[in-house]
Structure formats: C-alpha cells, structure tokens
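Novice:
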Amino acid sequence: MKLSYIMLFAVVGLYTIQAQAESPQEKGLQIATEADRRDQGFGDSIATMQMVLRNKRGDESRREVRVRTLEVDNDGDKSMSVFDAPGDVKGTAFLTFSHINKPDDQWIYLPALKRVKRIASKNKSGPFMGSEFAYEDISSDEVDKYTYKFLRDAVWEGMDCFVVERDPIDENSGYTRQVVWYDKVEYRPQKVDYYDRKSELLKTLVFHEYRQYLGKYWRAMRYEMVNHQTGKSTTLSWKKYAFRNGLTDRDFDKNTLKRQR
Amino acid sequence: MGKSYGEWLARWRYLVLLFVIAMVAAAATGVQYLTFKTDYRVFFSADNPQLQAFEQLQNTYTKSDNVLFVLAPKDGNVFTKETLSSIISLTKAGWQIPYSIRVDSITNYQHTEADGDNLVVGDLVPDADQLDDAALARIRDIATHDPLLVNWLISPDGRATGVNVTVQLPDPEQQTGKEISRVTAFARNLVDKLQASNPDLDVYLTGMVIMNNTFPEISIRDQQTLVPIMFAVVVITLILLLRSFTATVVTFLVIVCSVFTALGLAGGLGIALTPPSASSPTIILTLAVADCVHILVSFLHSMRHGLDKTSAMVDSLRINLQPVFLTSLTTAIGFLSMNFSDAPPFRDLGNIVAMGVVAAFFIAITLLPALMLILPVRVKPGATRHSRYMDRFAEFVVERRNFLFYGLGFIVVVLVIFIPRNELNDEFIKYFDHSVDFRNATDFSSANLTGIYTIDYSLSSGESGGISEPAFLKRVEAFADWYETQPEVLHVNTLTDIMKRLNMNMHADDPAWYRLPRQRNLAAQYLLLYEMSLPYGLDLNNQIDVDKSATRLTVTVKNISSNEMLALEHRAQAWLRTNAPEMRADGASPSVMFAHIGYRNIRSMLTGTSVALVLISLILVIALRSVKIGLVSLIPNLAPAAMGFGLWGLLVGEVGLGLSVVTGMTLGIVVDDTVHFLSKYLRARREQHLTPPDAVRYAFSTVGTALWVTSLVLIAGFSVLTLSPFKLNSDMGLLTAITIAFALVADFLFLPPLLMKVDK
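The listed protein sequences correspond, in order, to chains A and B. For the first sequence, the residue numbers in our numbering are 1 to 261. For the second sequence, the residue numbers in our numbering are 262 to 1021.
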C-alpha cells in the first residue's frame, strides 16, 4: 500500500513537473486540439444563418443563408451555402472544400447566369457579403491552420477560461494573430480578438447562447462581431440546427450546385 | 478720476507691482494646457452644412483620411522590375502605418479576368522578380487602360504612380493629438527607406493626413520665426522713439506679460491652437505696444519739460487713462467680432487677442507706471525733434486742407471702384506657400499623377439592394460619363466600371460584354461573387452602403479655384435635376467645404462687422460727447478697410477665408487713431476754446508723434505676419498692414480737413 502511494505521488509529481515543463506553445496547441477533438464526429449539419449588418450611423441590412456542412477527416470540412435573402441573390450557391495547407476550392452558382464558376482566388480575408465577418472567420476551424501559444488563465462572463493566441499560417490572412478565450469546462470558444496586419485590435467576436446537440456538440446561436476601427458591426444568428442528416460527398458536388433551392 | 488714480498708484506702486506679477503668473500657468489642432475640419463649425453633408457621407461609407505616396522613377517608366518591386514592398509596408485600414496601389489592385469557367481575382502584380518584358508590357497595358486606375494610381504615360493609404483615426473625443504626427512620422520613415533602397525613385508625400500634420508644423515655425522678429522690430522702434532704456525694458515686460496672460487664459479655457490663432502672440505684441507708447510718450515729454517723475506719471495717466481705455475697448470689440466667423480658428484668434488686449490695458496702467516709478529714469531736458516736425506737418494740413480733402476723397472713390475686382477663392492647397513640403508634393502630384481636390456623391437608389437595379446603374453610368467629359475632371471612381468589367469577365473576357448587366439579379450576384473574392482591406464597403441601396461616386478634379469648383458642382446639380432627379445628391468633400467657406464667412462677418461698427460708433459718440463728431469719425474709420480691399482688388484680386475677418478686426484698431486725435481736438476746442485749425494744430502736436509711431509699429507687426508660410495668416497680415497705413493717412490728411469743414 505504502509503495503504491509513493508510486502515485511519483506519478502525480512527474505529471506536474511535466505540466510545468510544457511550453506555452505546447499548451496552446493542446487546448486547441482538445477543443477540436470534442467537436469531432458530428458527421454533418444543416442550419439557417441570418446576418444583420450595421454601419456607424446605425443603418441595418439583413442577409439569409442556409448552410450545410459535411465533416471531412484529416482535411477541412466541405460546405454548401445557399442564399435566400436578399431576393436578388436568392438561389446563389457556394460550394467550398476548405483545406488546411492550400487555398480552398470554391465554386459559385449564379442563377441569373445559370452557370457554375470556379473562383480562383487566394483571398479569403475579405468581408463576407459586406459584413464584418471575413470568410476566414466563419470557415471551418482546423487545428493546423494556426500556430498556438497559451497566454494565461482568465475569467470571462463568470467562466474560467484559457486564453490562447493563435497565429494564422496562411500569409493571405488578414490577421497577424487572434486571441481566443476557451471556457475550461467545455473547451468552447467564447470570444475572439482579431489583430490586423499592424498588430492592432481590429475586431472582437463574442459567442452567445451556446446550445448542445446530440448530447455532445455545442453550437453558439448568436455571434456578435464588432469592428473597433470602423464602428461597424454584424450579428450572426443561427437557427434550425439539425445534425446527422445523412449527407454525403454527393451532396457537396459541383454538379449539385445548380440544383440547390 | 485720472489724477486721483495716478496718485493712488504712485503710493501703492510696490503692492501693485506684486499683485500684477502674481495675477500674470497665475494666468500664465494655463500655457501648459495649450495644444495644437491637427485636422482641417477645425476650419468648419459643427453646424456648417457642407461639413455635415460630408460627415454624413463618411458615416454611411467609411470615415477616413489618406496618405498618398507619389512615386516617379527617374527613368520615366514605372513598369520595370525594380520599380514594381519597390511598389510591392511599399504597399506591404503601408499596412503597417498606424490606423491604416486600406492600401491601394497598382500592384495590389484586384485584377479580374476569365480563364475558361474560372474567375481569377488577384493582385495585378503579385511578384515582380519573375517578370519578363512581355509580362511587364502586359501589366502596363492593363494598368494604363483601366478606368479605375488611370489618373488616380497611374499616369496615362506610365511615368508616375501612387500608393494610397487610407487611415481611420479614432473619433475626435478619443484622440490624444499625437495620431496625425505618428502617422506622418511613420510615412516619412517609409519614404526614407524606399529612397535608400531605390535611389532612382523620386518619392513625394501628400494626402489629407500630411496636410493636417502641416498645420502644427507651420504654427510652431511661425512662433519660432515671427515672434522673435516682431520683438526685434518692437525693441528697435521703442529705443529710437523713447530714447530711454528703462522705458524700453518696461514696455518689453508689459508685452511679454500680456502675451503670456492671453495664451495662459486660452490654454486654461481649452482653446486649441490652429495656424490662424497661433498668430495671436504676434498680434497681441503689436497691439500692446500702443498702450505703452501713449503713456510713456506723455510721461517722458513731461519729464523732459522738467516735471518730477511722480508728477509726470500722474499727469500722463490723467491725460491717457480714458483714451487708452477707449482704444483697448474698441480694439477688443473689433477682435470679438470674429466670433461671428463661421470658421472656429478665427473665433479663437479673436478671443485670444481680445483677452490679450484687455490684459495689456490693465498691465499698461498698473505694472508699467509702477515700474517706471520704481526704476531709475533719465531724460535729457528739452523739446523733442518729433513735435517740431509735427508742428510743421500740422501747418501743411491746415493750409492745404481743401486740396487734401478733395484729393483724398478722389483716391478713396477710385480705390472703392476696384473692390468688386476681388474674387473669392479658398483653394486649400494654396494656403501653404512653396517653403512647405506638402505644397510642393501636392503640386507635383497634381502635375504628374492625380489631384487632391475631390467631389463625392452618395447616389441613392431609394430601395434596399437597389444599386443592382439596371435602371439605376444606367443613371449612375450616365452621370459618371457626363463627369468624364468635363474639362476640369481627372478621374471618376464609380461602381459601374466594376460592374462592366465583371460582366465581361463572366462572358469569357469578351470586350463586347463590357457593359452593364441588364438584370438586377445578375448584377447583385456578380457583386456577391466579387465581394467574396476580395482580400482584406480592399472591399467595396467604401463605395457601397450597408443596405446596398446607395453607392459613392468620387470625382477627382484638377487644381481649380473655389469658384470653378462651385460652378462645376452647379452644372452637376443641373445635370442631375434634368436626367436623374430621383438620385440627386449634393456633392460633399473637403474641397466643396472650402469652396463654400469664403462665402459663408463673408456673410457671417458682415453681421459681425456691422455689430462691431454700431458698438464702436456708440462708444465714440458717448466718449466724445458729440453725436456729430462721432458720426463724422465713421468716415476715417470705414474708409481704410474699403481702400485696403480696393487696393487688394487692384493688385491681387483674390480674397478668401483669411481676409473675411479683416474689416471687423481693423475697425477696432484704426478707430484708436481717431479716438486719440479727436479726444485731443475736442479737449482743445472745449477746454481751451481754440478754433478748429488751432485745435488741429494742438492735436497734432500732442498725439501726432504717438500716432505715427504706434501705427508704424502696427504696420510692422502685421507685415511680419506676411512672412508666414500660411496664406491665411500672411494675407491677413498684409491687408491689415495696408488698412492701418490707410488709416494713418486718413487720420492725418483727411480727418483734419473734414473737421475743419464740418465743425464750425
């Protein structure tokens, strides 16, 4: 018995020493990996997204998009976005194969032109439909897209959080770094600060109203993005989340783009 | 009253001295709070309609200022590997400029083209190292033919190019005042680095940020050069005139105390300095001299005639207290009339100077006599040369009064005829002379690349998403086309050019499809696709509103005068009313704001000047106790400004913001001479019962010297302002100096004959 206690202490002690020896980079990566791990296996999802854009004067504008996502192992997810509003872009559909180390593949179907076009662009840092979200802010979060550094522990909205800096690897990113608050209980991102190319705070994204699906997967129902430099803001609301709809690669084929309604 | 005050002061001179020094010191502590304003917007009041229109436009799109790097390779060709790679590195470095939100250059220009069923969107020149001659020729061809680039970021001949950095400064409430200088310092450093790495490149720095930064730079330069010159002028004049070391030193002290009191009060009140208000020390310095001179001339005169020091001072205060009070009051009113100006920097200037004038009055009747009584004063007895000259001069005026009256009357009429020759112009670039880098860089840019004057329109379709409506796009295109044909216009930035290009790209780059899409859905979907393909910072948010209901059209014009600018906008409004009344919008921009400011100020200053005139005339009537003489005095008080503007019309012919305040301001100053002359004249008439000619002789012999000396100091003081590199200051200084010179002529040569005609 005594020996096993000693063993236990030794193990705990070693573990602690190891934990202390863990560099901030390792710890940051470990947190991001854990967050990613907890979201694995959701299969596919369907949801409706509503965006409300606001300028400095307080003028508002709305957009509505249906989004389908298919989980892909060892690479970025596939997604299909179909616009419902405003009316003049209704039926416009985007198909994206996001990748970790190379530019995403993107196709667009323009109903007015009745043609599918491939977008050959390295840019994914521009505003998504004129909003304060860049395409890269809402495309799938893959661990390997960034390098990490654990910064500190902090409390956010009453939750104990890890504060982790992540630096985009893609040189076409609009950011030098992002600082993410993950709550320690569920490893959900609660808040992200985006720093622009001159390393100044550009935007802050706060996640609201997390809901759990399938007893496991957490999704925030509302994203609030504020641009500190221009005073513009965007609210993103998610509705009608549905998981495991039996979607397959065939639903994410460029030939299916035209058939989206 | 004057006598008992002099005796009281003589008794308590030490206490008075201590008290005044303590008060001045207390007021002067405010100097530490003085700051410089670094924003051209300070020239506009919050309720200025053109400012409001521009602010509204900026709040709808993006509120921003810019830094423009103009690059001209010495070999005359932008499209070489070396120059293009310099542009790429400058573009990249541009993102590091503090508060930058957007960098535009020919290399990061988002060029679109079709490649089979692919739409390729990307930097026009992603990398310069690999380019061969064919690739360089292709880039040149694209850049010099793209309507979005030509005459904006590339000259049609490919000799000059621009890198434009858009900066978004914090809201004014959150600014610390260091933002502009940080941005400028960073940009200048980039220029130095660029020229070090590529010596074959000429680089010029312009844009609204650089202009804003120039304001405090020239204000500080003015303080460092003009104020010392002015001090030198004053000291030399005083030594020559007073021929008393003590009197000179004491006067010097009075003016220093007055300037510090005014600046300290300004700082304490939170007034921030701008180039116009930064000229206040020079003006106060000049005005403060007059008070001292009047008191000291009488004082020294009495001492030279054998009076003891205390009696001489008591006598001087008795004679001068009232006129010095009156002239200070009228001068302060003249400067306070600037509060009617639509441009806050001139209100500040008026208020600071008015405070300085009031301070100078109190200091001149307390500190000055107290110190003169304390310090040793030595004078040589005997009459002064000046008064003998003055007596001879008085004889001349009395004898030739008819000739002078009609001769001068004729000259006044002739000069007045030339007043309408003055044309209003406020080209803000020309506010700076050629000793200012910003002016030279901007002139270079205007001559070789693009202009700094713009007119912006927020064209509204009236419905959400309406910018994609073909009918609306057609109207916008027609408006842009109309503008393109105007001779003053260099460049028109319009969404329709992007639409046409995308339509062509979507049809396999077939030039026949370089036209607007014909269905709303198609246009909206192009826009969606295009927006998805743009990189960080190069989005369309600066030219499309959040609701996609309105678009911003920006016209860049050549260096044209305010009137030409207003005429162009007027024609544009006429076009809009005829062809597209439903999307009519007023043009808004800094250029439009400055184009209107001259008219607005002249109108507001007419009111201000009238109020000052009425007040000052009332004061004269009351002080001189004669309605008739008070009204007669209006002529020599008003004629100088009219003559000044007439001469200006004859010689220069261009007036602006800086001159709109001159009439009100000079009124308060020129009236001083009239007050001094008339008060002596009336004293002679009433107390000594002299005839008008003898009263004129008496007035000349008592105040003649003081008048021409103070006028000379004032003329010198305002002439010193003409050395300022800032046109608003130098023009104001010159016209004020001219007006004061005319006032001296009017008071010496016209007022006496007028009195002898009227007063019988």
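Glycine included, every Cβ here is placed at the ideal spot set by N, Cα and C.
Check each candidate in B:507, B:853, B:498 and name the one with the smallest Cα separation from residue 629 of chain B.
Specialist: Checked all of B:507, B:853, B:498; the closest Cα to residue 629 of chain B is B:507.
Novice: Less than 9 Å between the C-beta atoms of residue 52 of chain A and residue 45 of chain A, yes or no?
Specialist: Result no, Cβ atoms of residue 52 of chain A and residue 45 of chain A do not sit closer than 9 Å.
Novice: Secondary structure at residue 504 of chain B, three-state DSSP: helix, strand or coil?
Specialist: Coil.
Novice: For the structure I just gave you, are there three or more beta carbon pairs, one from the stretch 782 to 790 of chain B and one from the stretch 20 to 39 of chain A, closer than 8 Å?
Specialist: No: fewer than three Cβ pairs fall under 8 Å.
Novice: Can you list, in chain order, the stretches of the beta strand (DSSP E) that have 3 or more residues and sit fully within the stretch 66 to 108 of chain A?
Specialist: List check, beta strand (DSSP E) in window: 78 to 85, 93 to 97.
Novice: Quick one: which unbroken alpha helix (DSSP H) runs of 4-plus residues sit fully inside the stretch 353 to 412 of chain B? Chain order, please.
Specialist: Within the stretch 353 to 412 of chain B, the complete alpha helix (DSSP H) runs of at least 4 residues are 394 to 404.
Novice: Check the Cβ-Cβ distances between residue 84 of chain A and every residue of chain C, and say whether any is below 9 Å.
Specialist: This model lacks chain C altogether; the protein chains it does include are A and B.
Novice: Can you list, in chain order, the residues of the stretch 726 to 741 of chain B whose Cβ is nearer than 8 Å to any Cβ on chain A?
Specialist: Taking 8 Å as the Cβ-Cβ cut-off against chain A, the residues of the stretch 726 to 741 of chain B that qualify are 726, 729.
Novice: Determine the closest residue to residue 28 of chain A out of A:83, A:64, A:167, with distance taken between C-alpha atoms.
Specialist: Among A:83, A:64, A:167, the Cα nearest to that of residue 28 of chain A belongs to A:167.
Novice: Would residue 787 of chain B pass as an interface residue toward chain A - the criterion being a Cβ-Cβ separation below 9 Å?
Specialist: Residue 787 of chain B counts as touching chain A.
Novice: Leaving out five residues before and five after residue 448 of chain B in sequence, what residues of the same chain have Cβ atoms less than 7 Å from its Cβ?
Specialist: Taken in chain order, the residues that qualify are 328, 358, 466.
Novice: Look at the Cβ atom of residue 931 of chain B, then the Cβ atom of residue 1001 of chain B, and state whether they are nearer than 9 Å.
Specialist: Result yes, Cβ atoms of residue 931 of chain B and residue 1001 of chain B sit closer than 9 Å.
Novice: Hey, would you say residue 548 of chain B sits closer than 9 Å to residue 617 of chain B, going by beta carbons?
Specialist: In this structure, residue 617 of chain B lies closer than 9 Å to residue 548 of chain B by Cβ.
Novice: Hey, is the stretch 982 to 1000 of chain B in contact with the stretch 537 to 553 of chain B, meaning 3+ C-beta pairs nearer than 8 Å?
Specialist: Judged by Cβ distances under 8 Å, the stretch 982 to 1000 of chain B makes contact with the stretch 537 to 553 of chain B, as three or more pairs qualify.
Novice: Since residue 221 of chain A is in the beta strand (DSSP E), which residue starts that stretch and which ends it?
Specialist: Its beta strand (DSSP E) spans residues 217 to 227.
Novice: If I measure Cβ to Cβ from residue 267 of chain B and keep anything under 7 Å in the same chain, skipping five residues before and after, which residues do I get?
Specialist: The answer, listed in chain order, is 574, 575, 578, 579.
Novice: With a threshold of 9 Å between beta carbons, is residue 253 of chain A in contact with chain B?
Specialist: No, residue 253 of chain A does not count as interfacial toward chain B.
Novice: Mapping DSSP to helix, strand and coil, what is residue 219 of chain B?
Specialist: In the structure as shown, chain B begins at 262 and stops at 1021. Residue 219 of chain B is therefore absent and cannot be evaluated.
Novice: Is residue 760 of chain B close to chain A? Criterion is C-beta to C-beta, closer than 9 Å.
Specialist: Judged by the 9 Å Cβ criterion, residue 760 of chain B is not in contact with chain A.
Novice: Could you tell me the boundaries of the alpha helix (DSSP H) in which residue 937 of chain B lies?
Specialist: 923 to 947 is the span of the alpha helix (DSSP H), which, as asked, contains residue 937 of chain B.
Novice: Expressed to the nearest angstrom, what Euclidean distance is found between the alpha-carbon atoms of residue 504 of chain B and residue 555 of chain B?
Specialist: The straight-line gap from Cα to Cα measures roughly 14 Å.
Novice: Between residue 14 of chain A and residue 91 of chain A, what straight-line distance do the alpha-carbon atoms span, to the nearest angstrom?
Specialist: Because the pLDDT of residue 14 of chain A is 49, which lies under 50, any placement of that residue in the model is unreliable, and the number read from its coordinates should be weighed accordingly. Taking the straight line from one Cα to the other gives about 59 Å.
Novice: Output yes or no for whether 9 Å exceeds the beta carbon distance between residue 131 of chain A and residue 175 of chain A.
Specialist: Their beta carbons are not under 9 Å apart, which means residue 131 of chain A does not touch residue 175 of chain A by this criterion.
Novice: Cβ of residue 683 of chain B within 9 Å of Cβ of residue 906 of chain B?
Specialist: Their beta carbons are under 9 Å apart, which means residue 683 of chain B touches residue 906 of chain B by this criterion.
Novice: Considering only residues of the same chain and omitting the five flanking positions on each side of residue 262 of chain B, which have a CB-CB separation below 7 Å?
Specialist: Here residue 262 of chain B scores only 49 on pLDDT, less than 50, and its place in the model is too uncertain to base an answer on.
Novice: Between the C-alpha atoms of residue 1007 of chain B and residue 519 of chain B, what's the straight-line distance to the nearest angstrom?
Specialist: Approximately 29 Å, taken between the alpha carbons.
Novice: Ordered along the chain, which non-local residues of its own chain (more than five positions away) have a Cβ less than 8 Å from that of residue 318 of chain B?
Specialist: Excluding sequence neighbours, residue 318 of chain B sits near 717, 719, 813, 849.
Novice: Indicate whether the contact test is met: 3 or more Cβ pairs, each with one atom in the stretch 385 to 397 of chain B and one in the stretch 821 to 838 of chain B, closer than 8 Å.
Specialist: Taking 8 Å as the limit for Cβ pairs, the verdict is that the stretch 821 to 838 of chain B does not touch the stretch 385 to 397 of chain B.
Novice: For a test of the three-state rule: what should DSSP assign to residue 214 of chain A, helix, strand or coil?
Specialist: In the structure shown, residue 214 of chain A sits in coil (DSSP, three-state: anything other than H, G, I, E or B).
Novice: From the DSSP output, in three-state form, read off residue 618 of chain B for me.
Specialist: It is helical.
Novice: Return helix, strand or coil for residue 260 of chain B, following the three-state DSSP convention.
Specialist: Outside the shown range of chain B (262 to 1021) lies residue 260 of chain B, about which nothing can therefore be said.
Novice: Pick out whichever of B:356, B:999, B:315, B:367 has its Cα sitting closest to the Cα of residue 339 of chain B.
Specialist: Closest option to residue 339 of chain B, Cα to Cα, is B:367.
Novice: Pull up the distance between the alpha-carbon of residue 894 of chain B and that of residue 940 of chain B, whole angstroms please.
Specialist: Looking at the two C-alpha atoms, the distance is approximately 11 Å.
Novice: For residue 129 of chain A, go through chain B and note every residue whose CB falls closer than 9 Å to its CB, in chain order.
Specialist: Those within 9 Å of residue 129 of chain A in chain B are 789, 792, 793.
Novice: Between which two residues does the alpha helix (DSSP H) holding residue 535 of chain B run?
Specialist: Neither: residue 535 of chain B is in no alpha helix (DSSP H) and is coded neither H nor E.
Novice: By DSSP, does residue 745 of chain B sit in helix, in strand, or in coil?
Specialist: Note: residue 745 of chain B maps to helix in three-state DSSP.
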